[in-house]
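Structure record follows, encoded as structure tokens.
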Amino acid sequence: MIVMAFNFVAVLKATLVVGIVGLLIGIVLGFAGSIFEVKKDEKEEKIRACLPGNNCGGCGYPGCDGCAHAIFLGEAPVNQCPVGGPKVAAEIAKVMGVADVPKTEARKAYVRKSDCVGCTLCEKTCAFDSVHVVNKKATVDLDTCKGCGACAAKCPKKAIDLMDESKARELFAAEPKAAAPAAEPAKAPEAKAAPAGEPQKAYVHKENCVGCTLCQKNCPFDSVHVENRKATVNQETCMGCGVCASKCPKKTIELMDASKAKALADQEAAAAAAAPAVEAVKAEAGKAVEAAKAEAGKAVEAAKAEAGKAAEAVKAEAAKTVEAVKAEAAKTVETVKSEATEAVEAAKVQVAETAAKAEEVVEEAVKEVKMHGRTASARPLQGAPGKKNKREHAKSINQKRV
Amino acid sequence: MNKHFENPFIDTIYNGIVRENPTFVMVIGMCPVLAVTTTASNAIGMGLSTTAVLILSNMIIAALRHIIPDGVRMPAYIVIVATFVTVCDFLMEAYTPELYQSLGVYIPLIVVNCIILGRAEAYANKNTVYLSCADGIGMGIGFTIALLIISSVREILGAGEWFGNPIYTASDFFAPIEILIKSPGAFLVLAVLIAAKNKWKWVSDKKMEEDAKKAIRES
Amino acid sequence: MQGLIIIIITAALLDNVVLSQFLGICSFLGVSTKTEVALGMGGAVVFVITIASAVASLLYDFVLAPLSLGYLDTIVFILVIAALVQVVEMFFKKSIPSLYNALGIYLPLITTNCAVLGVALNNVTYGYNFIESVLCGLGTAVGYLVAIVMLAAIRERCEGCEYLESFKGVPMVCICAALMSIAFFGFSGLNI
């Protein structure tokens, strides 16, 4: 029983603590939710409520909030959420007020003509021959389209969407009327909007190009080639798909109107054509340089010969001077040597005398030591010297004075 | 690799082990994979405790899926998983102290293991208790097998042991590669194993394509 | 003062949270595709981990330890972190929309990031006081930021390169991370 009671208290404490923390969190979140509320449209709130809410990002939008916003604006279809599936799509369809999306609807591809540049990648990719590019715009044949999505994945402008068949047919039928760009919600276009009819071509600004060949590797039409570490776009085969521009790490490839690109390319060609004239000028200059070199060579030879003669003369004179100086130096050395020897002799004699004197001093000192029992440099005893010591102390001082 | 079984229970287990292996295929829950695979015994310990927590939490969440309101779903799951992890922590501290010491802070980190919360979100709150239990078993065993493979490679090649038993002695022919035991080794072994799995998948996908094409031609 | 600097540098470089301790690998491998995205994620992580370590340290010192309920740290920390991230996200959305657009979408991902809970639990294990916990958290998060931005830069450069088909994707990223991990070994010789 005692053991049970002890456990009960601990359990109660733990439960209380976790419970209170949870309660506080709930209250704080509740308050924060109302204080920091961002006013959103009621419809968008309802759409958001239908979504699963785990922010997986599978829809391609930043979290469920982003997806709800996109669906609310009409940018995304009601079945954008892949995790939610048809159930969530039906609920959102109800909120948005569009017709309920039937489950067995086939999926078809549809091309947003405003973003299509007619690069024909979709036509090449389609395994069922359902996409055709006519007048630089791609069209999907909805009868043969299988909804496999290969064209949508390949499109560099992301201009193809997969949607339910009914919606696709609806948009397809509405096409001739929806020519005004205002009908499309404002998306951020990757390429500049093309004026009606002018195709886009890629052009490489060579001054920033480093020759990394990423553009060449990624061009689906083999229209870019790198030579001498500079990339060039073949204006005829370029389809204006923009893949090279997006891959360029130096951002030096620009998509521009075909006429402008052609003008710039022509300028380059002109510069290249001018190269032969440059070469000719270079050759002439080279010849002149050669001639000048030859002449200069001759002059140099003549100057060398003269310099040689002069050098010989100078050498001879210098040799004579050197001889004279050497003789004088030898004489001086002799003189100095003899003087030095004499000085050394004299010094030796002095040293000998001093040594003899020093010996005498040492002998005397030794005699002193023997007499008094301490060296001449020893300190006198501390305090008043005794009678005996006073006499010896005076003697030593007298001797020092001497 | 794409075999399907009749019995949904067995099929779900097979799914977790092979088709959607959390480490090699889905590449989630990587933190313990890299951290505890220095020895095979650590790996088994971590794998089994994660499996236990996964099975229990899947079952409880599946049982409560109609009751938990939508707004507090995530916190509720987290509390359930955290409770089981704390219990597991206590049991390991009491009954397997050496394992507890070597796993250290990674036992409480089972709570935020992406596998557990991910499966709770994706599977347990939509399926019955029976199938959620199967999913827990499958994912857990798949995770454990992956841990075992990686730790065996690291321990045998890096330290010459397996489960602490010496396998070979260092000789002129082959000496243990120390880097495999340290942090870079974990990344390297994982990279090579996932590349091997990719190659296997690529080869088997190609084979499937060829078979399908042959079948279409012949039909 | 020196001790505090040592804590920050150890947490950031020597015991780098991603390359040595292996916490937060899922987001490390997943979010490091572009440098701007990695910078945003790293910034959000710095913010969350610093605040979370501060709050967790306070909770442990003033609520759990005095009542000898230390074993509840896992549950309480994770609850508090989840709530904290939610409140921070709401605050950003309302008051600093520009910051929300830059970092906000990563905030829900950070709740289940091992690094946040890992740092909070490590602070308890090492017995740091409040200031030391905050600095350890800050150092850890800065280490995460450095590692993830470096990896994103390397991945961007590797994009145009050709290598074995089976190594495309996660294996290549793991090899880059392994080389970075070896490079970070050099920091263990730091003499502070």
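Protein chains in written order, with our numbering: chain A, 25 to 426; chain B, 37 to 255; chain C, 4 to 195. Cβ coordinates follow ideal geometry from the N, Cα and C atoms, glycine included.
- The stretch 138-148 of chain C and the stretch 111-128 of chain C touch, with three or more beta-carbon pairs separated by less than 8 Å.
- No residue range can be given for A/Q259, since it is assigned to no alpha helix (DSSP H) and is classified by DSSP as neither H nor E.
- Assignment of B/V147 by DSSP, reduced to helix, strand and coil, places it in the coil class.
- Using a Cβ distance threshold of 8 Å, C/Y147 and C/V34 do not count as a contacting pair.
- Looking at C/E168, C/G172, C/L182, C/V149, the one whose alpha-carbon comes closest to that of C/L42 is C/V149.
- Using a Cβ distance threshold of 8 Å, B/T74 and B/R190 count as a contacting pair.
- A straight-line Cα-Cα distance of about 26 Å links B/V89 and C/S56.
- A Cβ-Cβ separation of about 14 Å leaves B/F120 out of contact with B/L84 under the 8 Å criterion.
- Look at C/I52 here: in three-state DSSP terms it is helix.
- Only Y74, T77, I78, I81, L82, A85 from the stretch 66-86 of chain C bring a Cβ to less than 7 Å from some Cβ of chain B.
- A/T168 counts as exposed, since fewer than 16 other beta carbons sit within 10 angstroms of its beta carbon.
- Less than 8 Å divides the Cβ of B/D171 from the Cβ of B/N94.
- The beta carbon of A/A100 is closer than 6 Å to those of A94 in its chain, skipping five residues each way along the sequence.
- In this structure, B/G52 and B/G178 form a Cβ contact; the two beta carbons are roughly 5 Å apart against a cut-off of 8 Å.
- Here B/I185 has L229 as same chain residues with Cβ atoms under 8 Å from its own Cβ, once five neighbours each way along the sequence are excluded.
- Residue burial annotation: C/S184 is buried, with at least 16 other C-beta atoms found within 10 angstroms of its C-beta.
- DSSP lists B/P202 as the beta-bridge partner residues of B/E197.
- Here the alpha carbons of A/A255 and A/K286 stand approximately 16 Å from one another.
- Interface residue (Cβ-Cβ distance to chain B less than 8 Å): C/E162 is not classified as such.
- DSSP places C/Y147 within a helical segment (H, G or I) once states are collapsed to three.
- Taking C-alpha positions only, B/L167 is separated from B/F45 by approximately 6 Å.
- Boundaries of the beta strand (DSSP E) harbouring A/Q224: 224-228, taken from the DSSP string.
- DSSP links B/A248 through a beta bridge to no other residue.
- Taken in chain order, the members of the stretch 86-104 of chain C whose beta-carbon sits within less than 8 Å of a beta-carbon on chain A are A86, Q89, V90, M93, F94, K96, K97, S98.
- Between the stretch 82-99 of chain C and the stretch 38-50 of chain A there are three or more C-beta pairs closer than 8 Å, enough to call the two in contact.
- Nearest to A/C236 by alpha-carbon distance, out of C/S169, C/E165, C/C177, C/G189, is C/E165.
- For A/D281, the enclosing beta strand (DSSP E) begins and ends at 277-281.
- Excluding five sequence positions before and after A/A289, the CB atoms of its chain that fall closer than 6 Å to its own CB belong to Q259, given in chain order.
- The Cβ-Cβ distance between A/R136 and A/D185 falls below 8 Å.
- Within the stretch 150-175 of chain C, contact with chain B at the beta-carbon level (separation under 8 Å) is assigned to L167, E168, S169, F170, K171, G172, V173, P174, M175.
- Taking C-beta atoms as the reference points, B/A182 and B/V69 count as a pair closer than 8 Å.
- Inter-segment contact for the stretch 170-186 of chain C and the stretch 204-220 of chain B is present: three or more beta-carbon pairs are separated by less than 8 Å.
- At a Cβ-Cβ threshold of 8 Å, B/A98 and B/N163 count as neighbours.
- Comparing alpha carbon positions, the residue from B/W238, B/G176, B/G140 closest to C/E168 is B/W238.
- With a cutoff of 8 Å on beta-carbon distance, C/Q89 and A/L75 are scored as not near each other.
- In this structure, the CA atom of B/E245 is about 15 Å from the CA atom of B/K235.
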